[in-house]
Amino acid sequence: MRAMKQAVVLGCGMVGTAMVRDLADDPAFQVTVVDSRPRALARFEGDPRIRTCQADLGAPGDVGRAIAEADIVLGALPSAVGLQTLRAVIEAGKPYVDISFMAEDATVLDPLARERGVIAVVDCGIAPGVSNMMAGHAAAVLDRCDRIEILVGGLPVERRLPFNYKAGFAPSDVIEEYVRPARLVEHGAIVIRDALSEPEYVDFPSVGTLEAFNTDGLRSLATTLSVPRMREKTLRYPGHIDLMRAMRDVGLFSKVPIEVNGVTVRPLDVTSALLFPLWTYEDREADLTVMRVIAWGVQDGAATEYRWDVHDVYDPVSNTRSMSRTTAYPATAMARMIASGRFPLGPGVYPPEIPARAPGVLAEILAALDQRGVRCASTVVKTA
């Protein structure tokens with residue numbers, strides 16, 4: 105009988121929990137979840153398929169000890185510790201799939217991964233993640249790819265003023281979308297735009313009219329693909345952009361300490377403490393995820409458009425949020441690919457668009473999503 109693979113999930117927030125439960129449903133894996141919070145780990149008590157381990161995941165040494173027996177490691181941690189955790193996992197010699205939205209360039213650790221014989225796939229959620237795979241696949245199959253556009257957002261099903269928004273992942277990473285400068289590609293060169301800039305309305309039949317704005321979602325695509333025009337925009341219900349711009353411009357998202365009545369505080373910390381209780385989903389409150397990726401180019405002498413539309417909603421049966429589902433399941437699908445020896449490349453640190461160039465990779469990931477109820481409609485349109 106084939107021995108079970110040991111999978112270790114670092115972090116059991118909303119996305120990490122979805123990873124844990126998805127892998128625990130697979131008889132090929134024995135799952136261990138690692139977190140510093142006893143209350144977070146307590147939700148897995150009584151499930152014989154899942155082991156728990158309390159550790160300080162901000163300490164690389166603790167990470168190394170926690171994954172010592174792992175065959176595959178998955179990361180579901182905030183961006184602030186993304187790079188150091190990636191380094192710790194590589195140094196431990198373990199294959200890794202990560203969804204953290206780290207600001208740093210993860211490929212700086214590619215030489216170390218090759219030296220240690222480690223496969224690591226980073227940014228492997230929905231966007232970045234599946235969006236990268238779609239872009240990489242399109243760029244590979246088109247004879248010439250001229251333009252790629254990515255539109256994506258996670259939203260509450262029920263709109264509530266004034267924000268019309270709830271946070272489906274780490275609060276610090278939500279605000280990061282509103283302040284981190286956005287990289288776009290125009291005429292073959294990387295250009296920088298402010299976050300929240302160039303708003304536009306976009307209609308989605310499944311949701312209605314949403315507003316789209318620049319965020320730094322292209323990430324590795326800006327340098328790995330030779331496509332002259334690329335952009336990524338985040339989607340929100342109309343009105344959200346103006347509120348976030350006002351808060352940012354006042355300085356409420358600043359990390360620079362200020363003194364107020366003799367007390368030194370960071371505005372961002374105060375804003376987070378006040379804002380995120382209002383942005384926290386209530387128990388069994390429904391959310392949705394919508395994403396559209398379009399690639400335009402030429403194939404077999406004809407103008408060709410590849411298009412993917414994802415629409416997903418909260419699953420009341422498993423009580424799993426859509427943003428958790430759509431972020432976790434691409435990572436677990438990639439982890440299965442690596443753990444089974446079917447990953448198409450050798451050791452190294454890879455953004456998802458690189459393996460997606462290989463035949464069958466995107467199809468396997470989308471099939472795994474479909475099996476879990478995350479639907480993606482794909483079309484190819486050719487014009488003579």
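My numbering puts the first residue of the sequence shown at 105, with every later residue one more than the last.
C-beta atoms are modelled at their ideal positions from N, C-alpha and C, and glycine is treated no differently.
Every value quoted in this text rests on a predicted model; they were computed, and no experiment measured them.
Secondary-structure assignment with DSSP links V167 through no beta bridge to anything. Taking all protein chains in view, the Cβ of H291 is surrounded by fewer than 16 other Cβ atoms within 10 Å, so the residue is classified as exposed. Excluding residues up to 5 positions away in sequence, V331, P332, R333, W400, G401 and V402 lie with their Cβ nearer than 8 Å to the Cβ of D250 in the same chain.
Only buried fits D202, as 16 or more other CB atoms lie within 10 angstroms of its CB. Residues L190, V193, I194, P199, Y200, V201, D202, A210, L213, A217, G452, V453 and Y454 of the same chain have their beta carbon placed closer than 8 Å to that of A224, with the five preceding and five following residues left out of the count. Runs of the alpha helix (DSSP H) lying entirely within the region 342 to 387, each at least 4 residues long, are 344 to 354 and 371 to 379 in chain order. The straight-line gap separating the alpha-carbon atoms of D247 and D404 is approximately 7 Å. Beta-carbon to beta-carbon, G229 and A435 are separated by about 6 Å, close enough to satisfy the 8 Å threshold.
Taking 9 Å as the cut-off, the Cβ atoms of R370 and S358 count as close. Under DSSP, the beta-bridge partners assigned to V417 are L392. Counting the other Cβ atoms within 10 Å of the Cβ of E315 gives 16 or more, which makes it buried.
When C-beta atoms of the region 426 to 441 are compared with those of the region 177 to 187, three or more pairs fall below 8 Å, so the two segments count as touching. Here DSSP, grouped into helix, strand and coil, assigns V256 to strand. Setting aside the 5 residues that flank it on each side, P361 is surrounded in the same chain by T368, V369 and R370, each with a C-beta closer than 8 Å to its C-beta; the list follows chain order. Cβ neighbours of L356 within its own chain (closer than 7 Å, five residues either side excluded): P371 and T375. Rounded to the nearest angstrom, the Cβ distance from G258 to S426 is 7 Å, consistent with a contact under 8 Å. In terms of Cβ geometry, V397 and H415 do not form a close pair [threshold 9 Å]. Apart from sequence neighbours up to five positions away, the residues of its chain that approach A460 with a beta-carbon distance below 6 Å are M237, G240, H241 and L466, ordered along the chain.
Annotated as distal: F133 and A350, with beta-carbon spacing of 9 Å or more. Around the beta carbon of P381, a 10 Å sphere encloses fewer than 16 other beta carbons of the protein chains shown; the residue is thus reported as exposed. With a cut-off of 8 Å on Cβ pairs, the region 262 to 271 is not in contact with the region 306 to 315, counting fewer than three such pairs. Closest by C-alpha distance to T424, out of A439, G162 and T121, is T121. For C249, DSSP records a beta bridge to G401. A direct Cα-Cα distance of roughly 30 Å separates S140 from E219.
Annotation: the region 413 to 483 contains the following complete segments of the beta strand (DSSP E) (minimum length 3 residues), in chain order: 452 to 454.
Ranking C157, A231, G312 and V278 by CA distance to the CA of A184 puts V278 first.
Going by beta carbons, T483 and Y410 fall inside the 9 Å limit. L470 is classed as buried because its beta carbon has at least 16 other beta carbons within 10 Å across all chains shown. D202: member of the beta strand (DSSP E) spanning Y200 to D202, first to last residue. The Cβ atoms of A271 and T319 do not sit closer than 9 Å to each other. Contact check for A326 against V289 passes: the beta carbons are separated by less than 9 Å. In the assembly as shown, A172 is an exposed residue. Its beta-carbon has fewer than 16 other beta-carbons within 10 Å. Around the beta carbon of Q110, a 10 Å sphere encloses 16 or more other beta carbons of the protein chains shown; the residue is thus reported as buried.
For D139, the secondary structure class from DSSP, reduced to helix, strand or coil, is strand.
The alpha carbon of D298 has as its nearest neighbour, out of E336, P131, N365 and M206, the alpha carbon of E336. In the DSSP assignment, R287 falls within the beta strand (DSSP E) that extends over A286 to E290.
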